[in-house]
Amino acid sequence: MSNDSSVRVDLDQSIATITLSRPQSFNSLDYGTLEALRQAFEQTVVAPGVRAIVLRGEGRSFSGGGDVMAMHDHADDLPGFIGRMIESFHATVMVISRAKVPVIASVQGAIAGGGISLALACDLVLAARGTRFVTAYAQLGASSDGGLSFRLMQRVGSVRAFELLTLHDTLSAEQAHELGLINAVVDDDSANAQAQLWAHKLAALAPQAVAEFKQLITVQSRDALQAQLDREMAAFQRCAGGEDFARRVAAFASRGATRSKS
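So, in structure tokens, the structure goes:
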């Protein structure tokens, strides 16, 4: 299976591992990476013999979310650029939801914005002990994408979801586990090994039974997820068309440029 420089796919018998491979930018999601990720999932979920998929990020962070520097580079058409990014991202979320094979996210580091959305789109989420979940959208002057509002409402309720997206935007791995957002917390140096162990356990089960369980668990909410993704995209584009979002993107880019020079 061919690899993009920002997304690597490795096959080991019945286990496929998809790796976000932009460690220098904390695996931030620019348009090219989102498209590579979509293609990787579309190919992998139907690959003969694949019975489980592990999604991971190379380096210190699973994913820092949307690439704000790339947004700044498209400041002349932020709503249009954001729309293309979200369309690709949401296609991946729906591929994961419809897939017959289970997808396990192995996460670490500071995960922000779309990185959280991507992790929670998976069937199982395993976090290294030092992981921090930072919703980050409100600080950028944006609403959520990738189904984050849907997952939070589904798992913690609307009142707590609003709190997590606005006032209490950072969670430790332990707090995320207590809230039921993730499945397990493990030592920092064993997250990927544990994810592979889970993948092999799933691969050893009857594939039809696993596929049927996933279908039974996800089918009732799948249409609702798609509808919420559409609402998220429209809301984000409204934010992207405003002066506040453009100003915050420019400020973030300025801070990033200053750090890179120091």
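For the sequence shown, the tail end lands on 299 under my numbering, and the numbers increase by one without skipping. Beta carbons are placed, not taken as given, at the ideal position from N, Cα and C, and that holds for glycine.
Straight-line measurement puts the Cα of S291 at about 30 Å from the Cα of T129. Under the three-state reduction of DSSP output, R166 falls in the coil class, being neither helix nor strand. Remark: C-beta atoms of V82 and A142 do not approach each other more closely than 8 Å. A241 sits away from A164, with the two beta carbons spaced by 8 Å or more. Between R75 and the set L239, R284, S125 and Q245, the nearest pair of CA atoms involves S125. In the structure shown, the three-state DSSP call for T203 is coil. Judged by DSSP secondary structure, A142 falls within the beta strand (DSSP E) whose first and last residues are V140 to V144.
Per DSSP, R93 is one residue of the beta strand (DSSP E) stretching across A89 to G94.
Shown here, D224 sits in coil according to DSSP, grouped into three states, outside any helix or strand. Collapsing the DSSP output to three states places A236 in a helix. The beta carbon of S62 lies closer than 6 Å to none in the same chain, with the five residues before and after it left out.
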